[in-house]
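Asker:
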Amino acid sequence: MSAPHVVLRPLEAGDRDRLLAWRNLPEIARWMYSDHEIRAEEHARWFEGALADARRRYWIIEADGRPVGLANLYDLTPEHARSSWAYYLADPSTRGQGIGAFVEYWVIEHVFGELGLNKLWCEVLIGNEAVWRLHEGFGFQREALFRRHVCKDGVPTDVVGLGLLASDWAATRMASRERLVGKGFDLPA
Ligand SMILES: CC(C)(COP(=O)(O)OP(=O)(O)OC[C@H]1O[C@@H](n2cnc3c(N)ncnc32)[C@H](O)[C@@H]1OP(=O)(O)O)[C@@H](O)C(=O)NCCC(=O)NCCS
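Per this note's numbering, the very first residue in the sequence shown carries number 16; after that it's consecutive.
Structure (structure tokens):
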């Protein structure tokens, strides 16, 4: 079975307009906490802050050389050895090929390997079941249910808080690797 060649490369200044277009796609905005139409100036301020903030890291997800999505760490807190994270695939035609699963694996390995943190966590809208199930498949545990935490289209919505510890990953890493290899990905040792 063949899989796309997936690379996460650091965000660059030249990615600014692409990100604005992606972030305003209804299919992406519906899963974000804020879903108003983002204008160029607001985006430019956000983008400048994103590149300058030591507590955040952004990567463009490329599949077979084509930019297809964004992954990021935020609230990167070395004093507590933890970080939060999120990602999306902007083009629906890229979904279902294992790219999301590869991104999970890559970010988890980066956080517990290169960054040496102890915990990775995230918040997901309860209705985004594909994503919280995908996280659980990599060993994330549901740690919180934030009731009526975010208003989406004026409707209060619950949010799931999930966490993965370095020790959880040590126990599930091999099985996650094997699943990805089974999907056709070539993984570094
Ligand atoms: C959800 C998303 C990240 C999944 O990425 P993907 O590349 O399509 O997923 P994969 O092909 O790697 O599939 C991984 C697993 O999730 C399952 N899955 C993927 N999309 C699914 C869906 N919509 N519903 C149910 N299961 C789904 C797959 O069956 C697969 O399961 P398996 O490992 O048991 O075979 C991607 O569709 C996406 O970006 N969605 C919109 C944006 C978003 O929700 N971002 C996250 C905000 S927190």
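In this text, a Cβ means the ideal position worked out from N, Cα and C, and glycines have one as well.
1) Just tell me which of Arg-162, Leu-91, Val-126 and Ser-191 has its CA closest to the CA of Gly-154.
2) Taking the DSSP output, what are the residues bridged to Ala-86?
3) According to DSSP, is Leu-202 part of a helix, a strand, or is it coil?
4) Got a sec: does ligand 1 put a non-hydrogen atom nearer than 6 angstroms to the Cβ of Asn-87?
5) What I want to know is whether the C-beta of Ala-36 ends up closer than 6 angstroms to one or more non-hydrogen atoms of ligand 1.
6) Is it buried or exposed, Gly-84, if we count other Cβ atoms within 10 angstroms and call 16 or more buried?
7) Considering only the alpha carbon of each residue, which of Gln-112, Arg-31 and Asn-87 lies closest to Arg-54?
8) Give the range of the beta strand (DSSP E) segment to which Phe-161 is assigned.
9) Could you have a look at Arg-24 and say whether DSSP puts it in helix, strand or coil?
10) On a CA-only basis, which of Lys-134, Leu-35 and Leu-34 is nearest Gly-176? Give me that one, please.
11) Determine the DSSP secondary structure at Arg-54, reduced to helix, strand or coil.
12) For Trp-136, name the three-state secondary structure that DSSP assigns.
13) Considering only the beta carbon of each residue, do Ala-78 and Arg-71 sit closer than 7 angstroms?
14) Given that a residue counts as buried once 16 or more other Cβ atoms are within 10 Å of its Cβ, and exposed if not, what is Glu-63?
15) Counting only the same chain and skipping the five closest in sequence on each side, list residues whose C-beta sits under 8 angstroms from that of Leu-40.
16) Rounded to whole angstroms, what's the CA-CA distance from Glu-151 to Glu-119? Just pull it up for me.
17) Helix, strand or coil for Pro-19 per DSSP?
18) What is the DSSP secondary structure of Asp-173, counted as helix, strand or coil?
Answerer: Judging by the given coordinates:
1) The residue you call residue 154 lines up with position 139 of the sequence shown. It is Ser-191 whose Cα lies nearest to the Cα of Gly-154.
2) Within the sequence shown, numbered from 1, the residue matching residue 86 stands at position 71. Bridge partners of Ala-86: Trp-74 and Tyr-102.
3) Here the question's residue 202 lines up with position 187 in the sequence shown. Coil.
4) Taking the first residue of the sequence shown as 1, we reach residue 87 at position 72. No, Cβ of Asn-87 sits at least 6 angstroms from all heavy atoms of ligand 1.
5) Translated into positions along the sequence shown, residue 36 becomes position 21. Outside the cutoff, so no.
6) One-based indexing of the sequence shown puts residue 84 at position 69. Under this definition Gly-84 is a buried residue.
7) Mapped onto the sequence shown, residue 54 falls at position 39. For Arg-54, the nearest C-alpha among the options comes from Arg-31.
8) What you label residue 161 is simply residue 146 of the sequence shown in a count that begins at 1. Its beta strand (DSSP E) spans residues 156–167.
9) The count along the sequence shown starts at 1 and reaches residue 24 at position 9. Looking at Arg-24 - three-state DSSP - the assignment turns out to be strand.
10) As a position in the sequence shown, residue 176 is number 161, starting the count at 1. It is Lys-134 whose Cα lies nearest to the Cα of Gly-176.
11) Counting from 1 along the sequence shown, the entry for residue 54 is found at position 39. Looking at Arg-54 - three-state DSSP - the assignment turns out to be coil, as it is neither helix nor strand.
12) Here residue 136 is taken as the residue at index 121 of the sequence shown, counted from 1. Residue state, collapsed to three classes: strand.
13) Stepping through the sequence shown from its first residue, residue 78 is reached at position 63. Stepping through the sequence shown from its first residue, residue 71 is reached at position 56. Not a contact, by the Cβ cut-off of 7 angstroms.
14) In the sequence shown, residue 63 corresponds to position 48, counting from 1. Flag for Glu-63 reads exposed.
15) In the sequence shown, residue 40 corresponds to position 25, counting from 1. Closer than 8 angstroms at the Cβ level, and outside the excluded window around Leu-40, lie Ala-105.
16) As a working mapping, residue 151 is identified with position 136 in the sequence shown. As a working mapping, residue 119 is identified with position 104 in the sequence shown. The alpha-carbon atoms of Glu-151 and Glu-119 are separated by roughly 11 angstroms.
17) Reading the sequence shown from its first residue, position 4 is the one you call residue 19. Correct three-state label for Pro-19: coil.
18) The residue given as residue 173 occupies position 158 in the sequence shown. If DSSP states are grouped into helix, strand and coil, Asp-173 belongs with the strands.
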